[in-house]
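The next block holds one structure in the form of C-alpha cells; read it before the comments.
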Ligand SMILES: [Zn+2]
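Residue numbers (my numbering): -13 to 157.
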C-alpha cells in the first residue's frame, strides 16, 4: 500500500510553502547548495565544522521528531519505519534507510542509509561527511525514545563504503 506521508500546501501570493497539518514552513533547496555551504564552513572552521553541523542536526532532528510524533501518532519502531519512508523519495529525498537496529537494552544500535544527499553531493573524502545527518538521527532518537545518545558516523559512501553507518551510544 502506498501511503502519502507528507503534504505540501502552497500559500497563494506568499513566498511560502507549508508541510503537514502543522503548517511547517519548508523550502526546497538544491542538495549541492547545502554541501557548498558545508564546504565553505569547513574551509573556515576546519574540524570544528563537523561539531557545528552535528549540533544543527540534533536540533533539526528533535524538532522534526516532535512534529512527526504529533502528526502520526506512531511510536517506537513503527515511528522509525515511517520516518524512514518520509525521508526517502516518498517524502523529502534526503536518504534511503537500509537498516535500523536500535537496541537500547544493549546500549547501542545503528542506522544504515544509502544515497545520503550530503555524501552523494560531496564527492570523495578521507573521512565521513554526513555530520548533519549524524546529529539529526541522534536528535530524532532522543526525542522519540527519551534516551540521551551520541552518534558517530563510522562508514560513509563519500569515503567509498557501501553505505553510511551511524552508531549510537547511550550516555
Ligand atoms: Zn555519509
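The beta carbon of each residue, even a glycine, is placed where N, CA and C say it ideally should be.
| query | result |
| --- | --- |
| For residue 127, which residues from the same chain have a beta carbon less than 6 Å from its beta carbon, with the 5 sequence-adjacent residues on both sides left out? | 135 |
| Looking at the structure shown, is residue 86 part of a helix, part of a strand, or coil, going by DSSP? | strand |
| Under 7 Å Cβ to Cβ from residue 102, same chain only, skipping five residues before and after it: list those, please. | 81, 116, 119, 143, 150 |
| In angstroms, rounded to a whole number, what distance separates the CA positions of residue 27 and residue 44? | 18 Å |
| Just to confirm before moving on: does the CB-CB distance between residue 21 and residue 97 stay below 8 Å? | no |
| From residue -3 to residue 100, what distance separates their C-alpha atoms? | 33 Å |
| Rank 49, 33, 24 by C-alpha distance to the C-alpha of residue 12 and give the top, closest one. | 49 |
| Only counting the same chain, and skipping five residues up and downstream in sequence, which positions put a Cβ closer than 7 Å to that of residue 141? | 147, 149, 150, 151 |
| Please indicate yes or no: does the CB of residue -7 lie closer than 7 Å to some heavy atom of ligand 1? | no |
| Assuming the contact rule is C-beta atoms closer than 8 Å, residue 78 and residue 6 should be a hit. Round their C-beta distance to whole Å, please. | Wrong, their Cβ atoms sit about 11 Å apart, outside the cutoff. |
| Run through DSSP, which three-state label would residue 65 get? | helix |
| By DSSP, does residue 38 sit in helix, in strand, or in coil? | helix |
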